[in-house]
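Chains as they are written, first to last, in this note's numbering: chain A, 51 to 154; chain B, 51 to 154.
Number of protein chains: 2
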Amino acid sequence: MKKEPQNISLDTLFELSEFFKFFGDTTRIRVIHLLLSGEMSVSAIAEKLNLEQSVVSHQLRILRTANLVKPTRDGRKIYYALDDEHIGEIFNTGLAHILHKKKG
Amino acid sequence: MKKEPQNISLDTLFELSEFFKFFGDTTRIRVIHLLLSGEMSVSAIAEKLNLEQSVVSHQLRILRTANLVKPTRDGRKIYYALDDEHIGEIFNTGLAHILHKKKG
DNA sequence: TAAATACATGAACAACAATTCATATATACA
DNA sequence: TGTATATATGAATTGTTGTTCATGTATTTA
């Protein structure tokens with residue numbers, strides 16, 4: 051069952067692992083999960099997840115820098131939304147794996 | 051563009067982030083990538099990736115504990131293979147995202 | 001059974017990442 | 001323009017994780 055090896059550069063593999071890192075933190079995955087339902091303000095996210103505003107802001111900055119979420123200001127509030135259609139796909143692929151394993 | 055919220059337990063979200071963590075390390079993603087082409091012995095992996103045997107063994111233990119790879123002994127050598135069909139899918143979904151972004 | 005080979009593992013160290021706390025900035029509104 | 005609200009950010013602290021180095025275990029073969 052040996053497939054043809056894909057030729058992926060070391061650099062790309064590094065980027066790939068960096069990318070998966072964003073999903074590898076509970077706080078961030080909860081934020082991502084929440085935003086799958088639609089955009090939400092920082093304070094709403096913090097309240098919904100029962101986290102300190104500062105924690106949410108810090109993690110949002112990480113996601114924003116990576117272009118996984120994008121902010122839109124409306125008055126004093128800033129609404130964050132997922133920036134990329136792929137994110138839901140990756141989230142759901144991983145979720146399917148977890149749920150599949152849970153069944154045994 | 052608001053979707054219906056999926057009801058996913060905190061516990062499942064935690065497991066999901068733990069799962070993505072395995073992909074969030076350069077060494078492990080390189081090992082996974084290598085094993086996508088088929089099973090390989092520890093020493094072969096180490097040689098191919100130009101890593102110390104100890105580094106590879108440590109990371110393989112992490113992947114093995116998580117049931118992402120499974121070992122098969124043949125004499126002195128131990129061959130590792132990916133244990134789950136989903137792994138390639140997740141790898142490729144992430145890869146597609148990276149390559150898509152590279153294009154701009 | 002002694003030596004060589006292949007792999008695993010424990011402990012120490014170093015690097016990194018997340019949270020906390022205090023404070024800064026930006027906007028709205030009285 | 002002063003105050004309140006919403007968010008961002010820097011520094012310190014703490015917890016986590018990967019690598020290194022030394023050593024242990026299993027298997028083969030002379």
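Every residue, glycine too, gets a C-beta built ideally from N, C-alpha and C.
Q. Where does F85 of chain A land, buried or exposed, given buried means 16+ other C-beta within 10 angstroms?
A. On the first sequence, residue 85 of chain A is found 35 positions in, with the first residue counted as 1. Inspection of the sequence shows that residue 85 of chain A is occupied by Leu rather than by Phe. L85 of chain A is buried by the Cβ-count criterion.
Q.
Assuming L63 of chain A and I79 of chain B are in contact, meaning their beta carbons sit under 8 Å apart, how far apart are those beta carbons, in whole angstroms?
A. Sequence index remark: in the first sequence, residue 63 of chain A carries index 13 (1-based). Sequence index remark: in the second sequence, residue 79 of chain B carries index 29 (1-based). That belief holds up - the Cβ atoms of L63 of chain A and I79 of chain B are roughly 5 Å apart, short of 8 Å.
Q) Excluding the five sequence neighbours on either side, which residues of its own chain have a C-beta within less than 6 Å of the C-beta of N117 of chain A, listed in chain order? A) Taking the first sequence and counting its residues from 1, one reaches residue 117 of chain A at position 67. Here the set comprises D133.
Q. Say the cut is 7 Å; is the CB of I140 of chain B nearer than that to a heavy atom of the ligand SAM?
A. The ligand SAM is not part of the structure shown, which contains no ligands of any sort.
Q. Would you call S67 of chain B buried or exposed, if buried means 16 or more other Cβ atoms sit within 10 Å of its Cβ?
A. For this step, residue 67 of chain B is matched to residue 17 along the second sequence. S67 of chain B comes out buried.
Q: Take A131 of chain B as the anchor and find which of B:G125, B:I95, B:L99 and B:A146 has the nearest alpha-carbon.
A: Working through the second sequence from its first residue, we reach residue 131 of chain B at position 81. Of the listed residues, the one whose Cα sits closest to A131 of chain B is B:I95.
Q | CB contact flag (Q109 of chain B, T77 of chain B, <8 Å) | A | Taking the second sequence and counting its residues from 1, one reaches residue 109 of chain B at position 59. Taking the second sequence and counting its residues from 1, one reaches residue 77 of chain B at position 27. Yes, these two residues count as a Cβ contact at 8 Å.
Q: Measure the Cβ-Cβ separation of I128 of chain B and S91 of chain B and say whether it is below 8 Å.
A: Locating residue 128 of chain B in the second sequence gives position 78, where the first residue counts as 1. Locating residue 91 of chain B in the second sequence gives position 41, where the first residue counts as 1. It is a contact, given that the beta carbons lie within the stated cut-off.
Q) Taking the alpha carbon of L151 of chain B as the point to measure from, which residue in A:K98, A:F69 and A:I82 has its own alpha carbon closest? A) In the second sequence, the residue the question calls residue 151 of chain B occupies position 101. Reading off the sequence, residue 151 of chain B comes out as Lys, not Leu. The candidate whose alpha carbon is nearest that of K151 of chain B is A:F69.
Q: Return the bridge partner residues of T77 of chain A from the DSSP annotation.
A: In the first sequence, the residue the question calls residue 77 of chain A occupies position 27. In DSSP, T77 of chain A forms no bridge with anything.
Q | Alpha-carbon to alpha-carbon, H83 of chain B and D75 of chain B | A | Locating residue 75 of chain B in the second sequence gives position 25, counting from the first residue. Locating residue 83 of chain B in the second sequence gives position 33, counting from the first residue. When rounded, the distance between both Cα atoms is 12 Å.
(Q) For a cutoff of 8 Å on Cβ pairs, would you count K71 of chain B as touching chain A? (A) Taking the second sequence and counting its residues from 1, the one referred to as residue 71 of chain B is at position 21. Output row for K71 of chain B: interface = yes.
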